[in-house]
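First the structure, in the form of structure tokens, and then the observations on it.
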Amino acid sequence: MGSRIKQNPETTFEVYAEVTCPGISCAGKDPEVRRQFPEDYSDQEVLQTLTKFCFPFCVDSHAVNQVGQNFTFVLTDIDSKQRFGFCRLSSGAKSCFCILSYLPWFEVFYKLLNVLADYSAKGQDSQRSELLETFHKLAIPEPGTSVHLGVHSYFTVPDIRELPSIPENRNLTEYFVAVDVNNMLHLYASMLYERRILICCSKLSTLTACVHGSAAMLYPMFWQHVYIPVLPPHLLDYCCAPMPYLIGIHLSLMEKVRNMALEDVVILNVDTNTLETPFDDLQSLPNDVVSALKNRLKKVSTTTGDGVARAFLKAQASFFGSYRNALKIEPGEPITFCEETFVSHRSAVMRQFLQNAIQLQLFKQFIDGRLDLLNSGEGFSDVFEEEINMGEYAGSDKLYHQWLSTVRKGSGAILNTVKTLANPAMKTVYKFAKDHAKMGIKEVKNRLKQKDIAENGCSVPEEPLPRTAPSPLVDKKDPKLREDRRPITVHFGQQQRLRPPRPPPPKLQRSSRPPWDLHLFCFSLTSSAAFRQFCR
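Sequence positions in the sequence shown follow our numbering and run 1119 to 1654.
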């Protein structure tokens, strides 16, 4: 559904590398790989790119304070899937330990890097090699599984389908501590409008955490454009890219960036907690949703758990939860999505926002993903659908009648999907229908019976309504955890008789081209000059 995360990667990580920095005295010389695992890893293009991302700042006296910093860069492969480079800088920023993986296991890889760095510092080469070999050969376990790699290395496999929580999720924790509520709202609005966004900070760990943390608040949608949590010096031309981007910049490079020809760029300085924007994006969002989101964020400002992520999830459900009312379901035909229906049934303020939203790449990718799962019979069941079921934005009884009538009369693949495959997406729709059928089951049956008699001259035997299990409750966090985190202070700032044919509902156009950032990335691997020529 638009996610850039690769499903079922072959190994836990692709390559581990220890990279050394040439320093000021060797200006102009590229960083080099001193040690790597597997030793027979031969993709030199990846290794060359990796080394430059390991030192994404000006290598001078102002950068030596990046000792022990854990940060992440992202490379995009030919299938538009993200590979994460997890890094740890050593003392004086002279060397960097890096692991490249398709798995977004931030806390796991950061912990592993700390252990590897400790082995290297103590000269325990055999322990380091044994740990890397064990982890590399490990079959990727299921979420929630406890894994022991050795005496000093163990972890629990994270479940990336769950909402991120504080303090367990480092990215969200650092983002929420460093940036105040108002600026989080402004940044959220800018991402919903797919602006060009720069985030700068003097601390690499905080910088990449803020980029990842802010992007995660778009769930169940995903940023579809240029996405670079930290930009190395040789790719500063990206800041002039003529398309939306979300880029992190180390503060030591911001002077050069500000001297470039930037146009209509939103800039968040994490150090000073200030945001510059030429747009009124936050004011353009429906005020009732923004106010509710702001109040929820302020209420959870001193608590742990998934409160922050759930606050943004509720806002996303308020904006886009009614997409199910715009699903067009015809017997024997693929399920499609009608943009006009999606926009027209909402309030005037919301219509204006949704008219813009249906043009966004992140929304189109989301709808395409849901339609693919519905029409393939795979279905889906996630926290976003559960949130829709619980909210007033779920819609009217019309969708309920449509789904129920379709299933009662028989609808081929759809019926088989529901009864045979126990499609979780259909179960979600049934639960939604039951939750919002205010007139009562008997009245619904009577109306449907009358409708069948009027249309077909006979009644249809009543069938029991399908049952679905209630959504599982979210595990409550231990209240004692609240004592382990310092308070957040106030910051700045859904066979009939033949009918006359009718035109099919509009379908979303799907592009066979990969996102712009893939093309842009290929250019960047050659030279900055190629990028400038591309921009012309």
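Virtual Cβ for every residue (Gly too), placed ideally from N, Cα, C.
Assignment of beta-bridge partners to Leu1445 by DSSP yields Phe1455.
For the pair Arg1314 and Val1383, the CB atoms are nearer than the 7 Å cut-off. For the set Gly1186, Ala1211 and Phe1171, the Cα lying nearest the Cα of Phe1202 is the one of Phe1171.
Non-local beta-carbon contacts of Gln1200 in its own chain, meaning distances under 7 Å to residues more than five positions away in sequence, involve Arg1122, Ile1123, Val1192 and Thr1194 in chain order. Check the Cα spacing between Met1339 and each of Val1375, Asp1486 and Val1388: the tightest is with Asp1486. The way I'd put it, the region 1423–1435 does touch the region 1275–1286; three or more beta-carbon pairs between them come closer than 8 Å. Distance from the CA atom of Gly1262 to the CA atom of Pro1396, rounded to whole angstroms, is 44 Å. Pairing Ala1333 with Trp1341 gives a Cβ-Cβ distance under 7 Å. Non-local beta-carbon contacts of Leu1256 in its own chain, meaning distances under 8 Å to residues more than five positions away in sequence, involve Thr1130, Val1265 and Leu1267 in chain order. Apart from sequence neighbours up to five positions away, the residues of its chain that approach Leu1221 with a beta-carbon distance below 7 Å are Pro1127 and Thr1130, ordered along the chain.
In the pairwise beta carbon analysis, the region 1445–1455 is classified as not touching the region 1392–1412: fewer than three pairs are separated by under 8 Å. Collapsing the DSSP output to three states places Ser1264 in a strand. Leu1393 is bridged by DSSP to Leu1386.
Between Arg1153 and Glu1132 the beta-carbon gap is near 16 Å, outside 8 Å, which marks them as no contact.
Residue nearest to Leu1165 within the set Phe1189, Cys1216, Ile1196 and Cys1176 is Cys1216 (criterion: CA-CA distance). The beta carbons of Val1299 and Leu1393 sit about 12 Å from each other, so the pair does not count as a contact at 8 Å. Here Lys1374 is exposed. Its C-beta has fewer than 16 other C-beta atoms within 10 Å. DSSP places Leu1305 in the uninterrupted alpha helix (DSSP H) bounded by Val1299 to Leu1310. Just so you know, the alpha carbons of Val1226 and Phe1204 end up roughly 10 Å apart. The DSSP-derived three-state label of Thr1422 is coil. Secondary-structure assignment with DSSP links Cys1214 through a beta bridge to Val1137 and Leu1207.
In this structure, the alpha-carbon of Phe1498 lies about 31 Å from that of Met1361.
Annotation: Tyr1220 is outside any alpha helix (DSSP H) and is labelled neither H nor E by DSSP.
Judged by DSSP in its simplified three-state form, Glu1128 adopts coil rather than helix or strand. Under the three-state reduction of DSSP, Gln1477 is assigned to coil, being neither helix nor strand. In the structure shown, Val1275 adopts coil according to DSSP, grouped into three states. Residue ranges of uninterrupted beta strand (DSSP E) with 3 or more members, entirely inside the region 1144–1171 and ordered along the chain, are 1150–1155. The DSSP-derived three-state label of Val1344 is strand. Taking the Cα positions, Cys1456 is about 16 Å away from Phe1437. Judged by their CB atoms, Cys1357 and Ala1379 are not nearer to each other than the 7 Å cut-off. The beta carbons of Val1329 and Pro1351 sit no closer together than 7 Å. The continuous beta strand (DSSP E) containing Cys1318 extends over residues Arg1314 to Cys1319. Beyond the five residues adjoining it in sequence on each side, Leu1478 comes within less than 7 Å, by CB distance, of Glu1312 in the same chain, given in chain order. Counting other Cβ atoms within 10 Å of its Cβ, Pro1259 stays below 16 and is therefore classed as exposed. Straight-line spacing of the CA atoms in Glu1251 and Tyr1345 works out to 31 Å.
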